[in-house]
Each structure stands twice: as structure tokens, then as C-alpha cells.
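To get the working numbering, take the position in the sequence shown, counting from 1, and add 9. Even for Gly, the Cβ is constructed at its ideal location relative to N, Cα and C. It should be emphasised that the depicted structure is a prediction, and the values quoted were computed from it without experimental measurement.
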Amino acid sequence: MPSFKLAPLVESDFDTSDFVYTFSTPLPKDAATVWAELNGESPLHWCKAINKIGWTSPEPRGVGATRTAKLALPGAAVNERFIVWEESPERYRNAFTVETATFPGTKRFGELYEVVGTATGSLFTWSFFIEPSLGLARHLKPVIRRGLSGLITDTQKHFA
């Protein structure tokens, strides 16, 4: 299977780029429970667009940890490396950069998760950084946003 190397992200890319798509959703589960599921042995198993995510580095998990995500699209997979990992009772936060993908067309890709406790559960903010390798970014934005919204819907249903 072919492998395409992506350019790395740094944490500040999630704050300063036109390629970031951010979704925030209140969840009825407490922050520690949501965090544990996002980073457990079967992360995001509830998302229809993802077949399986498996850790490829030993515990403890943190900056430098790696995992592989196999997507629902046949043959599509990405290798991720975590660049941010913060855990405290007030806020949980991590981010990864995709190092390689089995499909072309993406220059840089990564995700950032943030979970904070609220009076009724938690607030989950999920940011995606997607920079296409082609000059079509402006035209692809609505399509990308629509596709990503399905992941949020799946997550809301899972934690309901």
C-alpha cells in the first residue's frame, strides 16, 4: 500500500490557520469520562467514518505517543503522532499531527481535542486542521465541514 508523507503541524497551527475547522458540543458525561473514552483502547469507535484506531506506542500516553487510524474508506489509513498532551481536573487537551497517509491530496492534517467540565457534564471542542496539497482549499471548505460534522453527530449520539 502506498504511503504519503505529510508536513508536520505544531500546536500554534490550530490557532492561526485558515485550514482549521472547530466544533464544540456540550455532552452530558463528565470530562474525565469523555477524556477516557477519547484516549482509551478503542478511541472514536462510535464514529462511522472510522473503522479502528490502535495505539502503536506503549503507555504512558503523552507527547510523542503514536497510533494508526483505519478509516471507513477501503484502504485509507493514517499514522498519528501526538504533539500536545495536557491532563488536569479542570481541562483535558491533546493534539496530533498525521505523519503519513495511504492516500494523496493532503499536505498537512491533525486534530486537537479539548474537554472541560461544566455544571451539566462537559464541553468537548474538536478542531481539525486539514490543508489540501492542491490549490483547491477555498472550494473544498464547505465539503470538508459537512463531512466532519458527521463525526460530531456520531459523538453526540454516543455520549447522550
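For the beta strand (DSSP E) holding residue i, just list the boundary residues, first then last.
| i | result |
| --- | --- |
| Val107 | 100-110 |
| Leu80 | 75-80 |
| Gly63 | 59-64 |
| Thr127 | 115-127 |
| Val19 | Taken as a continuous stretch (DSSP letters only), Val19 belongs to no beta strand (DSSP E), as it is neither H nor E. |
What are the boundary residues of the alpha helix (DSSP H) that residue i is part of?
| i | result |
| --- | --- |
| Val43 | 40-47 |
| Phe23 | 22-25 |
Do residue j and residue i come within 8 Å of each other at the CB atom, strictly closer than that value?
| i | j | result |
| --- | --- | --- |
| Ala128 | Pro37 | no |
| Ser136 | Phe28 | no |
| Thr42 | Ile161 | no |
| Val125 | Arg100 | yes |
Where does residue i land, buried or exposed, given buried means 16+ other C-beta within 10 angstroms?
| i | result |
| --- | --- |
| Glu120 | buried |
| Ala74 | buried |
| Leu15 | buried |
| Leu82 | exposed |
Figure out for me which residue from the options has the closest Cα to the Cα of residue i.
| i | options | result |
| --- | --- | --- |
| Pro17 | Thr31, Ala110, Ala58 | Ala110 |
| Asp170 | Leu157, Pro69, Ser12, Pro98 | Nothing can be reported for residue 170: it is not among the residues displayed for the chain, which extend from 10 to 169. |
Write down the C-beta distance between residue i and residue j rounded to the nearest angstrom, noting that I regard them as a contact closer than 8 Å.
| i | j | result |
| --- | --- | --- |
| Phe133 | Thr164 | 7 Å |
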